[in-house]
Amino acid sequence: MILDSVQKTLAAAAGASAVLLVLAACSGPGTSTGSSTPVAGGTLTYASGDAEPTCLDPHVGGNYPQALLATQYIEELVGLEDGKPAPELATKWTTSDDGKTLTFTLRDDVSFTDGTPFDAAAVVANIEHVQDPATASSTGYLALQSITKATATDEHTVTLTLSRPDSALLESFSQPWVGMESPKALEREQATNCESPVGTGPFEVTGWKHGDRVTLTKNTGYWGKTKPRLSGITWRFLPDSTSRYAALQSGQVDVIDNAQPDQLEAASAKGAIRDLDAPRPGASNRLELNSGHGVFRDEAVRQAFIAGAEIDPGLQSLFLGTAERSYSVLSSAEPLAYSEKSRFTYSPTKAKQLLDDAGWKVGSDGIREKDGKQLTVTFPVSTNQSVPAERSLFQQIQASEKAVGFKVVLDELDLSSWYAALAANEYDVVSAPYTKVGPDVLRILYDSASIEPAPSGYFANLAQLDDPAVDRLLEQAARTSDADERADLYEQAQKAILASDTVLPLYDQQNHFLVRSAVHGIRTTPVSTPWFGTAWIDR
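Residue numbering for the sequence shown is -24 to -1, 1 to 515, as defined by mature numbering (1 follows the signal peptide of the UniProt record, and there is no 0).
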């Protein structure tokens, strides 16, 4: 019923060709079908369970909660159509024969909501803003590392000089973390721009009551052929999943994210609520074992931890069929994802033997010891990014690891404390979702260069994998424009990453949005955030 109520059709965005998934207008038994004709007006209320951003400018830091909001007011140079780059704010582009020069031709009919023209100078200002260490960017900064210079060739042409060919750069430009903001607004103090960034999208930020909501208002001068139908969006922050779902059921809110498995199951029986299932691209949900720190420097101990992790029963019972086990570093949304199921067979016998051979002896409390120290693994968990079902799964993994002799210390933290723990290298194992379009996410997560922190202080290679062979494969894949060669290189790289025993895949990043049936016309972007530029409410 859930899947039947969601029609995923490919369509061009209003006024742009970025491909979006459409949530069709449909309803279940006993509910009004409503009008199939778009209705103008009304305010949509969205309730998010993600952490409230500390900054509404997605250039700063660059996490998924920022992307969810920024999708409504910031747009990108490039969209995706059938997984391939397509025009959006840029109408076309050319790449030099050596792959080191990328030239964009831009739309000439677009302005930011503060009246500043969108032009080549604006693109240059945005790239420089992302790359400026003072911006403290992470996601955007890592995506644009190959750019050494951006030049406004004329009013509507911008030329990028690259340090190397970068086959993933166009995909990167489809993401909100490198979206276009008003250069005039970027000149303000960062704290001011964080409160009200200015884009070209169908809505603009007109208020932010911290700890409560962000107010978005219709951009009456939107450049797209289809103007926004909603008068505005009230974006509320409701971290408690039960309260969030109750607000949806009662009609206080129209859309919620971070829907829990039991809520998805209940929604399937209610015609008044539909599920938009939009798996995120990039990496799978996985555990990263810190090979540069503590007990996981020893490969045998990493192998033992992987063998001792019982995942499937908890995944089945806690997620109620809404999540399938992954055996890949990449999301199943990525066509080049490589899976290796046999590597992740649960075997406590194997785990115990590996630990015996590595010199870890069972202590009086069942926890293994060596050289006077217990086999302790620190596992910080972000309560803002990890849903209750996932945290329960971590507890079940903790129990299965205890049975073979590991002491897993689960430390539940808010998002800022979690980031601080990672930046301080105070972890042995961590679950860190990472969303990026395309397989180049592997370079960001597993190239040894990513052990060094980005300007934000966050480093993406949390496994601290330092393997020259993996580096070479990922760098070669980023350089080649040959699709077959690229696919082969990424497969080799994934095999090598899995063989390092630094990653334990769990399942795809869950990305379910529950929507009241009166809401129509929602689409999702390349990074699977909902876009309300063509949405309307029939009530």
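By construction, the Cβ of each residue, glycine as well, lies at the ideal position given by its N, Cα and C atoms. The structure displayed is predicted, hence computed values, not measured ones.
Between the options, which has its C-alpha nearest residue i's C-alpha?
i: SER304; options: ASN487, ILE209, TYR314; result: TYR314
i: ILE232; options: THR501, PRO159, LEU44, ALA436; result: LEU44
i: ALA280; options: ALA309, GLN371, ARG319; result: ARG319
i: GLU157; options: ARG212, PRO415, ALA235, VAL99; result: VAL99
i: LEU240; options: LEU294, ALA439, ALA399; result: LEU294
i: SER172; options: ALA475, GLN42, SER307, ASN401; result: GLN42
i: GLY177; options: THR191, PRO159, THR196, ALA167; result: THR196
i: ILE373; options: ARG262, TYR466, THR411; result: ARG262
i: VAL154; options: ASN169, GLU165, THR124, SER113; result: SER113
i: residue 583; options: GLY268, THR510, GLN361, PHE88; result: Since the first and last residues shown for the chain are -24 and 515, residue 583 lies out of range.
i: ILE513; options: VAL357, ILE209, TYR434; result: ILE209
i: TRP199; options: GLN225, GLY258, ASP216, ARG83; result: ARG83
i: ASP216; options: ALA23, GLU428, ILE498; result: ALA23
i: ILE473; options: THR456, PRO311, ASP458, LEU449; result: LEU449
i: THR193; options: LEU389, LYS383, THR21; result: THR21
i: ALA128; options: ALA96, PRO34, GLU300; result: ALA96
i: ALA463; options: ARG189, SER143, ILE498, GLY339; result: SER143
i: ALA167; options: SER308, ALA110, PHE382; result: ALA110
How about residue i and residue j: are their beta carbons less than 8 angstroms apart?
i: ASP404; j: VAL271; result: yes
i: GLY75; j: PRO141; result: yes
i: TYR40; j: ASP26; result: yes
i: LEU146; j: PRO61; result: yes
i: ARG256; j: GLN485; result: yes
i: ALA334; j: ALA285; result: no
i: ALA254; j: SER504; result: yes
i: THR92; j: LYS185; result: no
i: GLY342; j: LYS378; result: yes
i: GLY116; j: GLY175; result: no
i: LEU398; j: SER424; result: no
i: VAL413; j: GLN151; result: yes
i: LEU65; j: PHE94; result: yes
i: GLU28; j: GLY187; result: yes
i: LYS337; j: LYS346; result: yes
i: THR81; j: THR47; result: no
i: PRO502; j: LEU56; result: yes
i: THR79; j: TRP69; result: yes
Under DSSP, the beta strand (DSSP E) around residue i begins and ends at which residues?
i: TYR22; result: 19 to 24
i: GLU180; result: 179 to 185
i: PRO114; result: It should be pointed out that residue 114 corresponds to Ser in this sequence rather than to Pro. It is not in any beta strand (DSSP E) - SER114 carries neither H nor E in the DSSP assignment.
i: ALA126; result: 123 to 130
i: ALA66; result: 66 to 71
Can you give the beta carbon distance from residue i to residue j, rounded, assuming they're within the 8 angstroms contact cut?
i: LEU162; j: ALA101; result: 6 angstroms
i: LEU418; j: GLN470; result: 7 angstroms
i: ILE282; j: ASP477; result: 6 angstroms
i: LEU421; j: ASN401; result: About 16 angstroms; that fails the 8 angstroms criterion.
i: LEU265; j: ARG278; result: 5 angstroms
i: TYR49; j: GLU180; result: 5 angstroms
i: residue 516; j: SER260; result: Residue 516 falls outside the range modelled here, since the chain spans only -24 to 515, and no answer is possible.
i: LEU252; j: VAL491; result: 6 angstroms
i: ALA16; j: ARG205; result: 5 angstroms
i: ALA453; j: LEU465; result: 4 angstroms
i: TRP394; j: SER358; result: 4 angstroms
i: GLU104; j: ALA126; result: 7 angstroms
Quick one: does residue i have its CB under 8 angstroms from some CB of chain B?
i: ILE282; result: The structure shown contains no chain B; it holds only a single protein chain.
Kindly indicate the opening and closing residues of the alpha helix (DSSP H) around residue i.
i: THR325; result: 324 to 333
i: ALA396; result: 391 to 399
i: residue 580; result: Lying before the first or after the last residue shown, residue 580 is absent from the chain, which here runs from -24 to 515.
i: LEU145; result: 145 to 148
i: LYS378; result: 364 to 378
Does the ligand FAD have even one heavy atom less than 7 angstroms from the beta-carbon of residue i?
i: ASN195; result: With respect to the ligand FAD, the structure shown offers nothing to examine, as it has no ligands at all.
Whole runs of the beta strand (DSSP E) within the region 252 to 307, excluding any shorter than 3 residues | 261 to 265
In the region 449 to 507, which residue ranges form an unbroken alpha helix (DSSP H) of at least 4 residues, counting only runs that do not cross its ends?
-> 459 to 475
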